[in-house]
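Trainee: Residue numbers (my numbering), protein chains in the order written: chain A, 1 to 572; chain B, 1001 to 1475.
Even glycine gets a Cβ: it sits at the ideal position worked out from N, Cα and C.
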């Protein structure tokens, strides 16, 4: 089993570039020894809340809570894991409220950029970076839209969005006007993906309701207390699709693409390929309206197919309050399945792909567990590195008065973690750490390996409160390999790439989706879990360009950079 | 079979109640026993001393000095072993001691000596009631009435037993007979009216409720009964006015509260029904029918957890109550707790094979398990039992939709719409079908119907996701 010299050289470079911890290899050898004698039962993987005093993340969200109960107050905020300075470590971005027609902050509010100090602590570099926002912020989507190797930021807002271009020197420039991506109105989630496979990242922006302070509807309970109105009272607006022209500008193709034909009240959006045609589709959650499944028909056209696909409405034909979404192939049948979280008593839906552009709702254990929850941030990710995507749910009711109207429902709600057993999802929240007994006003949620230890950590952005950073403890007890996909011909995010890996009898495959969760942006690297296997036979990356790169017997428990077209290992 | 389960529960509860209230039971038995004091010439020949001793014994029993009473009776029976009065009193003592078998033997021995002797027969009927042998109790009470047509006590005792046994016509005849021969009480008239209600005879029911009301103008049962009559006639306006009138009356009896809840629920006042039932259940926590109806009101709220608790308590009280099992299964199904829902629905079918809803709900669970063949079989069974079961046709349609058998899907869904054009799920599934058949215009038309049929709700706590239709509230 020899490793070709070219490959070895690449590995060496990566080890230096990504700052691989030596402890990782030591830990591996210790475990290998232990397995030879008496394998102890594996302790549960847990998530530990990182103390803000230790992390230095002292920023808190201000939701602009007012007696008038303006709807934007209850919708944010979002958050992101991204590496803004290319040091190989995930930094953090948090979105805050700001001035709006219904809100004038008494003290200046700002978004926050925290640089990862590589030791579990973070430094606030917002001012220096010039990304403090100033709008009534909602969410964030990070991507290298101009392909210069540096991650840029798109911040959505009630009002006007901001595109921050990364200058590559620790600072950003506001290029919103220059790029034409302000998208005035009320934007929520944003997704960077390449809908026309031209190698450039385009931008989808979810648009919520038509709103300004004069349109605020008075909703009161039976004792005349004002509460946040259900969005049914507000008019829908069309989401936007921007085509990346490749010259630092974008064209608004909302109309020509067909996206603007469907006004919605859109929140979560995920780009995925539900029909395996190599074109990225969009699944968009709508609140009090049917969800959209925009099928990418090629030629820059999308066709809305939510009704026919069975993902638009509840089984009873009712539109629900869709908020967070994600997509994955949870049952390894080669087809992307969808997930949408709704408001309490509507249940969340796990839509299983029937391989013919139809879906059936098969939530299993997730159904009863979410009966009284309202779900926002959510993500399929393999928290225990067994190779199968698990599901993490962040919840919280939008109405702070809900407990007065319904004793069964809380304003702050618990997190949920479901482990993919291969036969379905098992609720493992109780054994996964004390944080699952806590209550959050959760909204945005991002995943990322903040300590580069090979398992995914979680960042939760809470409404009107401090964020919660959850460290994954034990996910890396199973073996893994981390990939950073460096596109050369495909889009810079490698969105749409299909990664397959085999370790003995274990075979897995993953489509690199974009967006997902709610108002959030995730660590773009891919961690491939291989369970207890001690070697990976091969990894294949099928790029959106059509190129295929193969890694034979790559080393495990470390990150590798896979450069499109340059790491092809010839078959034996 | 459902009826039998219900009866059994009623008897258990009566038995427990009586066992907890010996003070009620004792005087009644004593009264029966005391009626045996000799009046006839033959009995007058017996010694006055024996009479006096028997009176002393009766006093002892009344004072709950059972052991002393037993000693005295043993002494008397040594002297007069065939004295029916002593045998009757000793039977009473044994019943007090919960030695029911011996009590029965003693009452029967007294009746063998004098088969026309009513007190022993009344006691025997009581005993059979307590032993949950209603058929035997009914037979004894009928014999009493054959011997003495004017025996109101026997009639009053017989009527609820016959009603519980479903002997509606006999019950009606009996009360009508009493009515023609004497001035019957308001409660008996209400029982008669209820019997007519059960026979779907609103005119006779109304007549007797009004007679009861004439006797007692604040009788809430009569007022509510008139509301029930109006509901039976489909006259909701009048029903509401009677319901409103009943609210001004003082109601404490759990049975009346239950009746109020039935009326209120049918009038759409499920909150009031719920409050009344909660009050009724506080007083009578052992009545499964109350708990089932309480659960139904929680379902309508909707509070599925409270509903689940109520149904669970009902099945605890009556483990083979098919209706309670069906409701519990349905409630769990609504919460997507499919494995347990399935267990209860299967139990429900084991106890009552004739309820179409149980098959339909099980069919929905089979759909969730992707067991399409089983789901089709279960929905088909539901339809076999109730051919006009629109929701079951919708469910079949949705399965065929999933299986891409569009002609069959269309057939089932259109049939569902024909059976119930207000069924939104049928229209929704038709919309999905037309969307898949690339007929967006018809799909939109169907969705417009769905929107009309599903009025927007004003608050954020909304509908359960499962495509289920609630079972009808129990009558």
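#1: For residue 49 of chain A and residue 55 of chain A, what's the separation of their Cα atoms in angstroms?
#2: Work out the CA separation of residue 123 of chain A and residue 98 of chain A for me, nearest whole Å.
#3: Around the C-beta of residue 1359 of chain B, are 16 or more other C-beta atoms found within 10 angstroms, so that it is buried, or is it exposed?
#4: Under 8 Å between C-beta atoms, does residue 1452 of chain B make it to chain A?
#5: My output table needs one value for residue 213 of chain A: the three-state DSSP class, helix, strand or coil.
#6: Report, in whole angstroms, the separation of the C-beta atoms of residue 1259 of chain B and residue 1224 of chain B, which I expect to be a contact under 8 Å.
#7: When the cut-off is 8 Å and only beta carbons count, does residue 1407 of chain B lie next to chain A?
#8: Any beta carbon from chain A within less than 8 Å of residue 1372 of chain B's own beta carbon?
#9: Tell me which residues share the same chain as residue 1036 of chain B and place their Cβ nearer than 6 Å to its Cβ, disregarding the 5 neighbours each side in the sequence.
#10: Starting from residue 271 of chain A, trace the alpha helix (DSSP H) in both directions and tell me its first and last residue.
#11: Let me know the secondary structure DSSP gives residue 1350 of chain B once reduced to three states.
#12: How would you call residue 187 of chain A, buried or exposed, if buried means at least 16 neighbouring beta carbons within 10 angstroms?
#13: If you measure beta-carbon to beta-carbon, which residues of the region 1411-1427 of chain B are closer than 8 Å to chain A?
#14: Taking C-beta pairs closer than 7 Å, name the residues in chain B that residue 367 of chain A reaches, listed in chain order.
#15: Could you pull the start and end residues of the alpha helix (DSSP H) that residue 1211 of chain B belongs to?
#16: Could you give the residue range of the beta strand (DSSP E) that holds residue 540 of chain A?
#17: DSSP on residue 118 of chain A, reduced to helix/strand/coil?
#18: Which chain A residues are close to residue 1448 of chain B, counting only those with a beta carbon under 7 Å from its beta carbon?
#19: Within 10 angstroms of the Cβ of residue 439 of chain A, are there 16 or more other Cβ atoms? Answer buried if so, exposed if not.
#20: What are the start and end residues of the beta strand (DSSP E) that includes residue 303 of chain A?
#21: Identify every residue that forms a DSSP beta bridge with residue 426 of chain A.
#22: Would you verify that the beta carbon of residue 1375 of chain B is, or is not, closer than 8 Å to some beta carbon of chain A?
#23: Quick check: the Cα distance between residue 199 of chain A and residue 490 of chain A, rounded to an integer number of angstroms?
#24: Along the beta strand (DSSP E) that carries residue 561 of chain A, what are the first and last residues, could you check?
#25: Quick one, which of B:1219, B:1237, B:1232 has its alpha-carbon nearest residue 1253 of chain B's?
#26: Please classify residue 251 of chain A as buried or exposed, where buried requires at least 16 neighbouring CB atoms within 10 angstroms.
#27: For residue 11 of chain A and residue 564 of chain A, what's the separation of their Cα atoms in angstroms?
#28: Tell me whether residue 316 of chain A sits in a helix, a strand or coil according to DSSP, three-state version.
#29: In angstroms, rounded to a whole number, what distance separates the CA positions of residue 59 of chain A and residue 249 of chain A?
#30: Following the continuous alpha helix (DSSP H) through residue 1102 of chain B, name the residue where it begins and the one where it ends.
#31: Please go through the same chain and pick out, in chain order, the residues whose beta-carbon is closer than 6 Å to the beta-carbon of residue 1362 of chain B, but skip the five residues on each side of it.
#32: Between the C-alpha atoms of residue 283 of chain A and residue 366 of chain A, what's the straight-line distance to the nearest angstrom?
#33: What do you get for residue 1021 of chain B, buried or exposed, if any count of 16 or more other CB atoms within 10 angstroms of its CB means buried?
#34: Does residue 407 of chain A pass the burial test, meaning 16 or more other C-beta atoms within 10 Å, or should it be called exposed?
#35: Kindly indicate which three-state DSSP category residue 1228 of chain B falls into: helix, strand or coil?
#36: Can you tell me whether residue 107 of chain A is helix, strand or coil according to DSSP?
Mentor: Judging by the given coordinates:
#1: 10 Å
#2: 22 Å
#3: buried
#4: no
#5: helix
#6: 5 Å
#7: no
#8: no
#9: Low confidence applies here, because residue 1036 of chain B scores a pLDDT of 49, under 50, leaving its location unreliable; read the following figure in that light. Counting only Cβ-Cβ distances below 6 Å, and skipping sequence neighbours, we find 1085, 1088, 1119.
#10: No alpha helix (DSSP H) contains residue 271 of chain A, which is instead part of the beta strand (DSSP E) from 266-272.
#11: helix
#12: buried
#13: Result list: 1424, 1425, 1427.
#14: 1336
#15: 1202-1215
#16: 538-542
#17: coil
#18: The premise fails here: residue 1448 of chain B is roughly 12 Å from chain A at the closest Cβ pair, so nothing lies under 7 Å.
#19: exposed
#20: Per DSSP, residue 303 of chain A is one residue of the beta strand (DSSP E) stretching across 301-304.
#21: Answer is A:419, bridged to residue 426 of chain A.
#22: no
#23: 4 Å
#24: 559-563
#25: B:1219
#26: Label assigned to residue 251 of chain A: exposed.
#27: Reliability fails at residue 11 of chain A, whose pLDDT of 29 lies under 50, so the model's placement of it is uncertain and no value is given.
#28: Three-state DSSP puts residue 316 of chain A in coil, outside helix and strand.
#29: 33 Å
#30: Looking at the DSSP string, the run of the alpha helix (DSSP H) that includes residue 1102 of chain B is 1100-1113.
#31: Around residue 1362 of chain B: 1345, 1378.
#32: 20 Å
#33: Residue placement at residue 1021 of chain B is flagged as unreliable, the pLDDT there being 36, under the threshold of 50; the coordinate-derived value follows with that caveat. Counting Cβ neighbours within 10 Å, residue 1021 of chain B comes out exposed, since fewer than 16 surround it.
#34: exposed
#35: helix
#36: Here DSSP, grouped into helix, strand and coil, assigns residue 107 of chain A to coil.
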